[in-house]
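Engineer: In this note's numbering, the protein residues as written are 401 to 794.
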């Protein structure tokens, strides 16, 4: 008798709990649905950004190896001449011999009062140079380039960062609650009904089919959606990023900048960057996918380089840091991938986890499909609510 009363009471509590979860699920979905749809669609497109960009720009991305690359200072001069006099490059990206060198030039317009992101960009360009012939293959204006715009919509809805990241981040936080409440609603009252919740009745009428698409696909996408949400919130909220750092045993975000002390008789040489690049290639010979050499804009800053290594020795994205004297090009410090704290290994891998790039094509396809399903959920959910609203006559 006591057992039956307990079971009856538990069922009543569960019904109330599911009813509350459904109410939360509904209203948070209506509030954040439009933003989530936009973010998911743009994320879906951006998953294969690198592959698609390279395909549509084959004439400037790829080169044919012909001897040894020209000295970097010669390529720097050619890159600078390809830009207007008031625009300066601040980074060079070096990959294997089949890829052109990419010189990046960007500057923020700090005086603008525009609330939109593009209004804050003074310039953002990439100069592609054949490192063997010195020929400028092309200049891409990233300010108006398709995939750059897609990324800015995805991250900030084209608003400037403080506004856009707050809107997107808040919507994604609401979506996290929607995922949890959605799972609670999905749970069948009886175990024998679970098969029905796991399948889509494709030959059903639209109303039933729409329900199945929302409920069943929504259930299957939960683990992937959680990964996307957890990694995505890192770019919106510093407290979220720091929380993950701490959970991985890294108490604070590592400082990756290094100052250098200039010696009295030290003079700047134009060969500094060339020496630094040669050192990076020598230290990582045969085990690097990309080298990014940054030209310091501050007088006391070191010349920092990041090297994406092919064989990291673990499941994380391999990324090592190197620091050079900007005047002489001599190596002054380094942080190899194997010596980084766990939190930094995660942070360097966060984008690859977010967009599925960590394990290549298989995980990219999963990320693409997950984003595609997520993009449909606000619409199918709205149609369920609208159908009930019309039925009730209000």
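Where a beta carbon is used, it is the ideal one built from N, C-alpha and C, also for glycine.
So what does DSSP say about residue 538, is it helix, strand or coil?
Structural biologist: Annotated three-state conformation of residue 538 is strand, per DSSP.
Engineer: Give the straight-line distance between the Cα atoms of residue 442 and residue 779, rounded to the nearest whole angstrom.
Structural biologist: 16 Å
Engineer: Should residue 566 and residue 558 be called a contact, given that it needs their Cβ atoms to be closer than 7 Å?
Structural biologist: no
Engineer: Taking all protein chains shown into account, do 16 or more other C-beta atoms lie within 10 angstroms of the C-beta of residue 403, making it buried, or fewer, making it exposed?
Structural biologist: The predicted model places residue 403 with a pLDDT of 45, which falls under 50 and marks its position as unreliable; any figure quoted below should be read in that light. Label assigned to residue 403: exposed.
Engineer: Which residues mark the beginning and the end of the beta strand (DSSP E) in which residue 616 is found?
Structural biologist: Per DSSP, residue 616 belongs to no beta strand (DSSP E); it is in the alpha helix (DSSP H), 606–632.
Engineer: Would residue 549 and residue 526 be called neighbours here (beta carbons separated by less than 7 Å)?
Structural biologist: no
Engineer: When you compare the CB positions of residue 479 and residue 436, do they come within less than 7 Å of one another, or not?
Structural biologist: no
Engineer: Which of the three DSSP states is assigned to residue 788 in this structure?
Structural biologist: helix
Engineer: Closer than 7 Å by C-beta to residue 803: which residues in its own chain qualify, once you throw out the five before and the five after it? Chain order, please.
Structural biologist: Residue 803 cannot be examined here, being either before or after the span of the chain that is shown, 401 to 794.
Engineer: Determine whether the beta carbon atoms of residue 429 and residue 614 lie at a separation below 7 Å.
Structural biologist: no
Engineer: So, with DSSP's three-state summary, where would you put residue 341?
Structural biologist: The question about residue 341 has no answer, for the chain in this structure spans 401 to 794.
Engineer: For residue 612, count neighbouring Cβ atoms within 10 angstroms of its own Cβ and tell me buried if that reaches 16, exposed if not.
Structural biologist: buried
Engineer: Work out the CA separation of residue 496 and residue 688 for me, nearest whole Å.
Structural biologist: 8 Å
Engineer: In or out: residue 469 buried (at least 16 other Cβ within 10 Å) or exposed?
Structural biologist: buried
Engineer: Quick check: the region 578–589 against the region 736–744, are there 3 or more CB pairs under 8 Å?
Structural biologist: no
Engineer: Compare the beta carbon distance of residue 722 and residue 701 with 7 Å and say whether it is the shorter of the two.
Structural biologist: no
Engineer: Within a Cβ cutoff of 7 Å, which residues of the same chain sit near residue 625, ignoring the five residues on either side of it in sequence?
Structural biologist: Around residue 625, the same chain offers 579, 770, 774 as residues with beta carbons nearer than 7 Å, after the five sequence neighbours per side are excluded.
Engineer: So residue 667 packs on residue 727, CB below 8 Å; how close in whole Å?
Structural biologist: Confirmed, Cβ separation roughly 7 Å.
Engineer: Am I right that residue 601 and residue 608 are in contact with their C-beta atoms under 8 Å? What's the rounded C-beta distance?
Structural biologist: 6 Å
Engineer: By Cβ distance, which residues of its chain are closer than 6 Å to residue 512, with the 5 residues on each side in sequence left out?
Structural biologist: If we look at residue 512 and ignore the five residues flanking it on each side, its Cβ neighbours are 519, 520.
Engineer: Does the region 482–498 come into contact with the region 444–459, if we say contact requires no fewer than three beta-carbon pairs (one atom in each stretch) closer than 8 Å?
Structural biologist: no
Engineer: In three-state terms, what does DSSP make of residue 748?
Structural biologist: helix
Engineer: Does the Cβ of residue 494 have 16 or more other Cβ atoms within 10 Å, making it buried, or fewer, making it exposed?
Structural biologist: buried
Engineer: In the DSSP assignment, find the unbroken alpha helix (DSSP H) run with residue 641 in it and report its ends.
Structural biologist: 638–647
Engineer: Find out if the Cβ-Cβ distance for the pair residue 637, residue 569 is shorter than 7 Å.
Structural biologist: yes
Engineer: Pick helix, strand or coil for residue 528, following the three-state DSSP scheme.
Structural biologist: strand
Engineer: Can you give the Cα-Cα distance for residue 760 and residue 753, rounded to whole angstroms?
Structural biologist: 10 Å
Engineer: Whose C-alpha, out of 502, 501, 498, 524, is nearest the C-alpha of residue 824?
Structural biologist: The requested residue 824 is not part of the displayed model; the chain covers only 401 to 794.
Engineer: Can you give me the Cβ contacts of residue 534 inside the same chain, cut-off strictly under 7 Å, excluding the 5 residues immediately before and after it?
Structural biologist: 470, 474, 475, 478
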